[in-house]
Amino acid sequence: MSKRLPSEEAQQLWQEYRAGDMYALAKIMQSYYADLFHWGMRLQADREFVKDCIQELFLNLWKHQKTVRSVENVRAYLLVVLKSRILRELSRKHTTHQSTLSEEYAFSVEFAADVQLIEEENEVYQIRKLEHGISHLPERQKELIYLRFYQNLSFEQIADVMHLGRQSVYNLLQKSLISLRKNWPVSCLALLIQFTVYGFQFTVAGVC
1 MSKRLPSEEA QQLWQEYRAG DMYALAKIMQ SYYADLFHWG MRLQADREFV KDCIQELFLN
61 LWKHQKTVRS VENVRAYLLV VLKSRILREL SRKHTTHQST LSEEYAFSVE FAADVQLIEE
121 ENEVYQIRKL EHGISHLPER QKELIYLRFY QNLSFEQIAD VMHLGRQSVY NLLQKSLISL
181 RKNWPVSCLA LLIQFTVYGF QFTVAGVC
């Protein structure tokens, strides 16, 4: 995955893009492409379809460069726009797709960190248990954990992406962690926080 831009640099590039700098938009796309692709595959397990949606997203951004507004968080904004585009395209093909989307597609969790962090056999075992635990959560809870711990979005940004109120995001995350805590030790949950720092990867089951 490409290294994410620091928030301040992303904001600066966004302003340069809005002023007409195509290179700035290209750099934003390069930095966030992997995040957008993983997110798109979460919503629709079709690589070419997702790639096309991402391409159209950035083509439209350039086309409407003069009217695009300032945003507080570039990555969160792109995730919201991509989700809307994918759902809109799918709704043209399947009118009931939006209501069944979360039931039809699921993602698995794979942790990818420096091997020095997981040298101990017991820690590797805990990681596998955590992966297993997350895989058994309802789809919306997995989506929330994905956005919070992989995309590192704030609660306000998650609320925008998932079309929920901020309090609903808090409640859903609490419910998710309670569910994990019932069946897995605290040490496993500590690893979830640890991998927020060192990074972990969500992949679409049976696709990536």
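Take the sequence shown: its position 60, counted from the start at 1, is 60 in UniProt numbering, and no numbers get skipped. Backbone N, C-alpha and C fix where the C-beta goes; we use that ideal spot for every residue, glycine too.
- The closest CA to that of I145, considering only G165, S84, H163, K175, is found on K175.
- The C-alpha of Y150 lies about 16 Å from the C-alpha of S7.
- A159 carries a helical assignment under DSSP once its states are collapsed to helix, strand and coil.
- Exclusion of the five residues before and after L172 leaves R140, Q141, L144, L164 as the residues of its chain whose Cβ lies within less than 8 Å of its Cβ.
- In the structure shown, the three-state DSSP call for D46 is coil.
- Rounded to whole angstroms, the separation of the alpha carbons of L43 and I158 is 15 Å.
- Excluding its 5 nearest sequence neighbours in each direction, W14 has C-beta neighbours in its own chain below 6 Å: V74, listed in chain order.
- With respect to the C-alpha of Q55, the residue from A76, K182, L25, H132 having the closest C-alpha is L25.
- Here DSSP, grouped into helix, strand and coil, assigns L87 to helix.
- In the displayed model, E143 falls within a helix according to three-state DSSP.
- With respect to the 8 Å criterion, I28 and C53 are not classified as neighbours on the basis of their beta carbons.
- Take the alpha-carbon of E16 and the one of E48: they are about 30 Å apart.
- Secondary structure of S70 (DSSP, three-state): coil.
- Exposure of I178 is indicated by the presence of fewer than 16 other C-beta atoms within 10 angstroms of its C-beta.
- DSSP places D35 within a helical segment (H, G or I) once states are collapsed to three.
- Residue environment analysis places H64 among the exposed positions, since fewer than 16 neighbouring C-beta atoms fall within 10 angstroms of its C-beta.
- The beta-carbon separation of L5 and S31, rounded to 5 Å, stays under the 8 Å limit for a contact.
- Counting along the chain, the unbroken alpha helix (DSSP H) around L13 starts and ends at 7 to 18.
- Contact check for V68 against V161 fails: the beta carbons are separated by 8 Å or more.
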